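> The structure that follows is given in the form of structure tokens.
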Amino acid sequence: MSKYPTIGESLRHQGISRRDFLKFCTAVASILALPAAMIPKIAEALESTPRQSAIWLSFQECTGCTESLTRSHAPTLEGLIFDLISLDYHHTLQAAAGTAAESAREAAMQGNKGNYLVIVDGSIPLGNPGYSTIAGISNVDMLKEVVAGAKAVVAVGTCAAYGGIPHAAPNPTGAVSVDSLITDKPIINIPGCPPIPLVIAGVVAHFVTFGQLPNLDSLKRPHSFFGQTIHDRCYRRPFYDKGLFAETFDDEGAKQGWCLYKLGCKGPVTYNACATTKWNDGVSFPIESGHGCLGCSEPNFWDAGGFYKPLSVPINGVIKATTGYALAAGAAVGAASGALNRLKRSQARQNHETVTITDLERNQK
Amino acid sequence: MNYIEFLLWVRGPAFQIAIAVFVFGISLRLLEILLLGRSPEYAAPRGSAVRGGFRTLLTRTMSEESIFRRAPLLIIAGYVFHLGLFIVILLLVPHILVFKDLLGFSWSGLPTPIIDAVAVITLLALFILLIYRIKHPVLRFLSTSQDYFAWLITFLPLLTGYMAYHHMINPYPVILGLHILSVEILMVFFPFTKLMHAFTLVMARWYNGANAGHKGVQA
Ligand code: SF4
Ligand code: SF4
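Spelled out as structure tokens, the structure:
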């Protein structure tokens, strides 16, 4: 099997006691929302499971997803991920560069063929392969090559999951998502701009403990984290229901913590775990800081008509022009039809034959 | 097309098409009617046209007592559903935001649970009216397929709106998108069905009333 030490071994190597190991397993159970009875089973699995080999590919991205993960304060649940995996290639985080880095990737691919996890952040440009390359290899080629020997693919962040900001109209690089290129491997999307680090850790923990990806929704997101909308779990919901809305970001309503719907909150259509897991070690989440949800974990959130436009409002900016033209066109056709009607009437008047008594008498005979 | 693309489509291009057809249709039909003109009135006036116009506006909006007694349920349901429709369309906050975006001004709304209750009552009233139409032999005889169609495209936005508010279909963007789409369908057919009465009723009633008033008829 693998040359990697088991997770138990590697934790012991770091000087972690049995007691702390069990704590670690409890933490895994908690992010997976599993009952406490499962903890011994998880401990057993992690004790004997080698650290999961993972290759992290970064394409057209802003590194925000990696930042999100690495900025998680150690030791936290989010930090778990680095104990669970052996990150064999990550061109931002690894010390090696150039040829050494690429050969690390190749070594991991060969040594763990069929077993490694590919984690992708960033979208893939199809417009011109030269738009984004690593060591002279285009993103699309590298993705296909690395995924060919993978056990599963994790698309981290909205760019990898749906194309993200690079995909925004007019999509100059022809950016596409991972799942539009890879169809023959299990894929999971963990969208978000950035994604919640705990969710990334949770998915990897699930993969390592159970050897497979968790249940997915129709957009290939893990159900356990993306099963409810922000609005479903928002603490401002009672204000929404009562019809109390902040009108501006600093009015009395905003100070009272009223609902941000009128200020463009996209919480009602956004499936994500922010409202429950929160950010920065559980400090708060955007709505708690007074800003509406942008909908960052949904496809095309960047093209949804503006972050400050209420959800119910039509998106298109040219509606006023359209309405004007339609009004004019309607009036023109209406006038034409009115003229036609008048013409018909005057013709009818002209063709009108006067009937005299004699005509009628003649007809009666 | 995933459900978010569907939602963006109904909020974007589909809405644009719907409002174009709606505005085109209304302006076409109003102009057509107005350009018909009125035939010259040769008779000497026997009463005030203006007073007649106003009177008919009022009397045709109120129900005549004898008629009311013959079918009270029908008339109450008719009022309830029209009033309910106005409240739901004009006083729900997300709707007001749409008007604000299109018209540039806004007004205050009612708390959503109140609108919700009104929507239920309106749905019930519409349902009663449909059953009445089917059950009553004369009304059924007079009904055309357009009557049922107009009923359906009025009923659907209310129903889908109610379902959206209560998250009865998941994921939520699907039902929200269907609600917006149902309104767009209504907008497209509005000018070309009897629903157009919303725009013509005032002038039609005025016209009849003014005619009668001119002739001195107590209509
Ligand atoms: S702030 Fe946003 S998510 Fe929260 S209740 Fe209001 S609309 Fe819903
Ligand atoms: S609150 Fe909304 S926009 Fe903000 S991070 Fe969460 S899902 Fe993304």
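So the sequence lines, in the order shown, correspond to chains A and B. Residue numbering for the first sequence is 1 to 365, as defined by full-length UniProt numbering. Residue numbering for the second sequence is 1 to 219, as defined by full-length UniProt numbering. Every residue, glycine too, gets a C-beta built ideally from N, C-alpha and C. Predicted, not measured: the structure shown is a model, and the values here were computed from it.
Closest to A/S297 by CA distance: which of A/S86, A/Y308, A/P268, A/D281 is it?
Answer by Cα proximity: A/P268.
> What three-state label does DSSP hand A/T322 in the structure shown?
Reduced to three states, the DSSP call for A/T322 is helix.
> Taking B/I76 as part of the alpha helix (DSSP H), name the residues at either end of that continuous run.
Its alpha helix (DSSP H) spans residues 72-91.
> Grab me the residues of A/T276's own chain with a C-beta within less than 6 Å of its C-beta, minus the 5 sequence neighbours each way, in chain order.
Excluding sequence neighbours, A/T276 sits near R233.
> Below 8 Å CB to CB, which residues in the same chain sit around A/L311 once its five sequence neighbours on both sides are set aside?
Answer for A/L311: Y261, G264, C265, K266, P268, V269, listed in chain order.
> Taking 8 Å as the threshold (C-beta atoms), are A/N139 and A/F59 in contact?
Yes; because the gap between Cβ atoms is below 8 Å, this pair is in contact.
> Under 8 Å between C-beta atoms, does A/A273 make it to chain B?
No, its Cβ sits nowhere closer than 8 Å to a Cβ of chain B.
> Which stretch, first to last residue, makes up the alpha helix (DSSP H) that contains A/K255?
Segment 252-256, the alpha helix (DSSP H) holding A/K255.
> Taking B/M187 as the reference, give the member of B/M1, B/V23, B/L8 with the closest Cα.
That would be B/V23, whose Cα lies nearest to the Cα of B/M187.
> Is there a Cβ from chain B that is less than 8 Å from the Cβ of A/F307?
False, the Cβ-Cβ gap to chain B never drops below 8 Å.
> I'd like to know if A/A74 contacts chain B, where contact means its C-beta is closer than 8 Å to some C-beta of that chain.
No answer about A/A74 holds up, because its pLDDT of 47 lies below 50 and its placement is not dependable.
> Which runs of the alpha helix (DSSP H) at least 4 residues long sit entirely within the region 145-190 of chain B? Give them in chain order.
For the region 145-190 of chain B, whole alpha helix (DSSP H) runs of length 4 or above, ordered along the chain, are 145-165, 172-189.
> So, do the region 24-40 of chain B and the region 333-344 of chain A have three or more beta carbon pairs nearer to each other than 8 Å?
The region 24-40 of chain B vs the region 333-344 of chain A: in contact.
> For ligand 1, is there any heavy atom lying closer than 7 Å to the beta carbon of B/R38?
No, the beta carbon of B/R38 sits no closer than 7 Å to any heavy atom of ligand 1.
> Among the residues of its own chain, which have a CB less than 8 Å from the CB of B/M1, if the five just before and after it don't count?
Here the set comprises W9.
> With 16 as the cutoff for other CB atoms within 10 Å, does B/L73 come out buried or exposed?
Exposed is the call here.
> Kindly indicate which three-state DSSP category A/V153 falls into: helix, strand or coil?
In the structure shown, A/V153 sits in a strand (DSSP, three-state: E or B).
> Given residue 366 of chain A, which residues of its chain have a CB within under 6 Å of its CB, disregarding the five upstream and five downstream residues?
Beyond the ends of chain A as shown, which are 1 and 365, falls residue 366 of chain A; an answer cannot be given.
> I'd like to confirm something about A/H90: is its beta-carbon nearer than 7 Å to some heavy atom of ligand 1, or not?
The answer is no for A/H90.
> Using the beta carbon as the reference atom, which residues fall closer than 7 Å to any heavy atom of ligand 1, ordered along the chain?
Going by the Cβ distance cut-off, the answer is A/I230, A/H231, A/C234, A/R236, A/R237, A/F239, A/Y240, A/C259, A/L260, A/Y261, A/C265, A/G267, A/P268, A/I287, A/G292, A/C293.
> Looking at the secondary structure, which residues open and close the alpha helix (DSSP H) in which A/Q110 lies?
Its alpha helix (DSSP H) spans residues 98-111.
> Hey, out of A/L219, A/K220, A/Q228, A/G290, whose CA is closest to A/E247's CA?
Measuring from the Cα of A/E247, the nearest candidate turns out to be A/G290.
> Tell me where the alpha helix (DSSP H) around A/D121 begins and ends.
First-last for A/D121: 116-121, but that is the beta strand (DSSP E), not the alpha helix (DSSP H).
> Between the region 213-229 of chain A and chain B, which residues of the former have CB atoms less than 9 Å from a CB of the latter, in chain order?
From the region 213-229 of chain A, only D217, S218, L219, T229 have a Cβ closer than 9 Å to chain B.
> Looking only at its chain, what residues have a beta carbon closer than 7 Å to the beta carbon of A/G253, apart from the 5 residues adjacent to it on each side?
Cβ within range, chain order: L244, F245, A246, E247.
> Decide if the region 8-17 of chain A is in contact with the region 35-53 of chain A; the criterion is three or more beta carbon pairs, one per stretch, under 8 Å apart.
The region 8-17 of chain A vs the region 35-53 of chain A: in contact.
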